[in-house]
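Chains as they are written, first to last, in this note's numbering: chain Y, 1 to 115; chain C, 1001 to 1111.
Think of the CB as a built atom: it goes at the ideal place given N, C-alpha and C, for glycine as much as any other residue.
These figures come from a predicted structure and were not determined experimentally.
Notes to accompany the following structure.
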Amino acid sequence: NAGVTQTPKFRVLKTGQSMTLLCAQDMNHEYMYWYRQDPGMGLRLIHYSVGEGTTAKGEVPDGYNVSRLKKQNFLLGLESAAPSQTSVYFCASSHNRGHLLYEQYFGPGTRLTVT
Amino acid sequence: SQKIEQNSEALNIQEGKTATLTCNYTNYSPAYLQWYRQDPGRGPVFLLLIRENEKEKRKERLKVTFDTTLKQSLFHITASQPADSATYLCALRYNTDKLIFGTGTRLQVFP
Chain Y
1 NAGVTQTPKF RVLKTGQSMT LLCAQDMNHE YMYWYRQDPG MGLRLIHYSV
51 GEGTTAKGEV PDGYNVSRLK KQNFLLGLES AAPSQTSVYF CASSHNRGHL
101 LYEQYFGPGT RLTVT
Chain C
1001 SQKIEQNSEA LNIQEGKTAT LTCNYTNYSP AYLQWYRQDP GRGPVFLLLI
1051 RENEKEKRKE RLKVTFDTTL KQSLFHITAS QPADSATYLC ALRYNTDKLI
1101 FGTGTRLQVF P
């Protein structure tokens, strides 16, 4: 099993450009998450999904959109990139049975620089 | 809003000693708490989970405690090794679908 994979690994964008980050998991997890990690700020949740076709906002959703058309994939879009979106982006997934939320499995991250 | 505090200063200890990392939170207690390890340039990796009705959990050289009175969790690594050097994150889950992560504490174990 590959676990959680993310593409691309690195990307440099100019201000105003758009891009999509792809996350894929092969563990049949119901829940998927997108985080950003900045120095001194820890992991902050951008958007998440509790199942195919559903999405919800996290702590810092502005400037991002997501889609979960298939259970195994979770896409994060930046419509008009800004320098403030320079960060490392992590995708994660987890099982959820009843009210138990299991541990999260993280991808390797995407390092995005917006100039 | 809920806040999580982890010591932002790096913890430096000698090989063989016990490392103790602290996670403090404000307001009400979470349903459970998780600890993750993160190496430079990589995603976090899950280590341990402890529920609000558990006081202690162990896994090999790792031990986690959860004190809902002090609003604190302690993460211990006994007989520490240089390979234990990493950043350790605590994460709290309340009655939602989300985890709230602390900023992490960097541990450096020197020979």
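Which partner residues does residue i have in the DSSP bridge list?
| i | result |
| --- | --- |
| residue 1076(C) | 1020(C), 1063(C) |
| residue 47(Y) | 34(Y), 57(Y) |
| residue 1096(C) | In the DSSP output, where bridge partners are listed per residue, residue 1096(C) has none listed. |
| residue 1005(C) | 1024(C) |
Can you tell me whether residue i is buried or exposed, with buried defined as 16 or more other CB within 10 angstroms of its CB?
| i | result |
| --- | --- |
| residue 55(Y) | buried |
| residue 1110(C) | exposed |
| residue 1032(C) | buried |
| residue 42(Y) | buried |
| residue 79(Y) | exposed |
| residue 68(Y) | buried |
| residue 18(Y) | exposed |
| residue 1060(C) | exposed |
| residue 1104(C) | buried |
| residue 1030(C) | buried |
| residue 10(Y) | exposed |
Nearest-angstrom Cα distance between residue i and residue j?
| i | j | result |
| --- | --- | --- |
| residue 1013(C) | residue 1007(C) | 15 Å |
| residue 1009(C) | residue 34(Y) | 27 Å |
| residue 1086(C) | residue 1016(C) | 16 Å |
| residue 1041(C) | residue 1100(C) | 21 Å |
| residue 32(Y) | residue 15(Y) | 28 Å |
| residue 91(Y) | residue 1018(C) | 32 Å |
| residue 1054(C) | residue 65(Y) | 38 Å |
| residue 1068(C) | residue 1052(C) | 7 Å |
| residue 96(Y) | residue 1024(C) | 26 Å |
| residue 21(Y) | residue 1063(C) | 36 Å |
| residue 1092(C) | residue 51(Y) | 21 Å |
| residue 28(Y) | residue 102(Y) | 13 Å |
| residue 46(Y) | residue 1056(C) | 32 Å |
Strictly below 9 Å CB to CB, what residues from chain Y border residue i?
| i | result |
| --- | --- |
| residue 1066(C) | Chain Y residues near residue 1066(C): none, gap ~16 Å exceeds 9 Å. |
| residue 1049(C) | 102, 103 |
Chain C partners of residue i, CB-CB under 7 Å?
| i | result |
| --- | --- |
| residue 108(Y) | 1042, 1043 |
| residue 74(Y) | Here the premise fails: no neighbours, minimum Cβ distance about 14 Å. |
| residue 45(Y) | 1098 |
For residue i, go through chain C and note every residue whose CB falls closer than 9 Å to its CB, in chain order.
| i | result |
| --- | --- |
| residue 12(Y) | By Cβ distance, chain C contributes nothing, its closest Cβ being about 17 Å from residue 12(Y), past 9 Å. |
| residue 51(Y) | Going along chain C, no residue has its Cβ under 9 Å from residue 51(Y), so there is no contact; the nearest lies around 10 Å. |
Which residues of chain Y have a Cβ atom closer than 8 Å to the Cβ of residue i, listed in chain order?
| i | result |
| --- | --- |
| residue 1103(C) | 40, 41, 42 |
| residue 1046(C) | 103, 104, 105 |
What does residue i touch in chain C if you count any residue whose Cβ is under 8 Å from its own?
| i | result |
| --- | --- |
| residue 48(Y) | 1097, 1098 |
| residue 31(Y) | 1097 |
Under 7 Å between beta-carbons, which chain Y residues line up against residue i? List them in chain order, please.
| i | result |
| --- | --- |
| residue 1034(C) | 103 |
Item to check | Within the stretch 1015-1041 of chain C, ranges of the beta strand (DSSP E) (whole runs, at least 3 residues) | outcome: 1019-1025, 1032-1038
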